[in-house]
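At position 195 of the sequence shown (counting the first as 1) the number is 195 in our numbering, and the numbers step up by one without a gap.
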Amino acid sequence: MNIAERTKIIRDRIQNACQRSNRDINEITLLAVSKTYGSNHIEDALAAGLNQIGENYVQEAVEKFDKLKNKQLTWHFIGPLQSNKTRAIAERFDWVQTVDRLKIAQRLNDQRPEELLPLNICVQVNISQDPAKSGIMLSELPQVADQISTLNNLRLRGLMAIPAANLEQSQLRLQFKEMSRALAELKKHHPHCDTLSMGMTGDLETAIESGSTMVRVGSGIFGPREPK
Ligand SMILES: *Cc1c(COP(=O)(O)O)cnc(C)c1O
1 MNIAERTKII
11 RDRIQNACQR
21 SNRDINEITL
31 LAVSKTYGSN
41 HIEDALAAGL
51 NQIGENYVQE
61 AVEKFDKLKN
71 KQLTWHFIGP
81 LQSNKTRAIA
91 ERFDWVQTVD
101 RLKIAQRLND
111 QRPEELLPLN
121 ICVQVNISQD
131 PAKSGIMLSE
141 LPQVADQIST
151 LNNLRLRGLM
161 AIPAANLEQS
171 QLRLQFKEMS
181 RALAELKKHH
191 PHCDTLSMGM
201 TGDLETAIES
211 GSTMVRVGSG
221 IFGPREPK
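What follows is the structure, encoded as structure tokens:
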């Protein structure tokens with residue numbers, strides 16, 4: 001199967017999940033997660049109508065970005081953030097979805113070039129309270145969100161979560177719904193927040209039925225990844 005054929009299957013799955021949950025398909029952004037796949041694969045994704053690209057590793061992303069600079073693509077950073085890599089991200093990406101501490105937000109703000117639009121930010125929430133995963137606890141969200149909102153070169157857009165692997169379906173649904181309630185709460189103080197990034201190839205239906213507005217799909221679009 002090629003990228004266009006796989007993308008069609010993912011779009012059908014999104015459509016079915018929207019129908020089941022009475023949602024408008026236009027509320028859902030499909031983010032193509034291209035980690036480990038080269039720039040030629042991203043060009044195929046673009047030809048299949050995908051222009052939102054997610055990358056996890058800075059070095060790998062920079063190489064692809066520099067090859068694809070002139071294409072109409074929106075770049076989302078969705079990997080672990082290290083202080084010494086923030087500049088490369090601030091200079092190239094449109095979104096960073098994995099902000100989990102103020103210090104990183106401040107660096108991204110300071111390093112965002114003035115001629116670019118503000119960097120769109122999602123706060124990563126450790127919704128499964130998994131010690132091995134990054135992300136803030138929901139109890140910290142009000143303070144973190146208020147602080148990020150004071151940074152002029154950033155624009156807070158919402159929340160992102162990666163639940164623990166191998167959760168029971170019912171647990172997964174509960175955690176996704178908790179995220180959805182957290183976004184609703186966040187909107188009361190930050191009304192322009194409109195993004196709930198959750199759901200991947202394996203669980204996008206559950207995520208959409210629980211309120212996701214952005215699903216991050218890698219293997220379902222590009223094919224299975226080689227172990228890194
Ligand atoms: C790799 C990755 C994805 C995509 O995972 P698939 O299971 O291949 O769809 C989504 N989100 C994040 C943060 C990832 O690292």
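Note that the Cβ used here is the ideal one computed from N, Cα and C, for glycine as well.
Residues close to ligand 1 by the beta carbon criterion (under 7 Å to any non-hydrogen atom) are, from first to last along the chain, Val33, Lys35, Gly54, Asn56, Ile78, Gly79, Ile162, Met200, Thr201, Gly202, Arg216, Val217, Gly218, Ser219, Gly220 and Arg225. Leu117 sits in coil when the DSSP states are folded into three classes, being neither helix nor strand. One alpha carbon belongs to Lys103, the other to Ser170, and they sit about 35 Å apart. Closest in alpha carbon position to Ile78, among Gly49, Gln72, Lys69 and Phe93, is Phe93. Taking 4 residues as the minimum length, the alpha helix (DSSP H) runs contained wholly in the stretch 42 to 101 are 58 to 68 and 86 to 92, in order along the chain.
Counting along the chain, Met214 sits inside the beta strand (DSSP E) bounded by residues Met214 to Val217.
In the DSSP assignment, Ser180 falls within the alpha helix (DSSP H) that extends over Gln169 to His189. If you compare the alpha carbons of Ile10, Lys35, Asp100 and Ala132 with that of Pro227, the shortest gap goes to Lys35. Here Arg157 carries a strand assignment [DSSP, helix/strand/coil]. Taking the C-beta atoms as reference points, Ser212 is found nearer than 7 Å to Gly199. Here Val123 is bridged, per DSSP, to Val99 and Leu159. When secondary structure is reduced to three states using DSSP, Thr206 falls in the helix class. For Thr195, the three-state secondary structure derived from DSSP is strand. Three or more beta-carbon pairs drawn from the stretch 133 to 152 and the stretch 180 to 195 are found closer than 8 Å, and the two stretches are therefore classed as touching.
Your pair Ala4 and Ala32 does not check out as a contact, with CB atoms roughly 12 Å apart and the cut at 8 Å.
One thing to note: Ser128 has its Cβ within 7 Å of the Cβ of Pro163.
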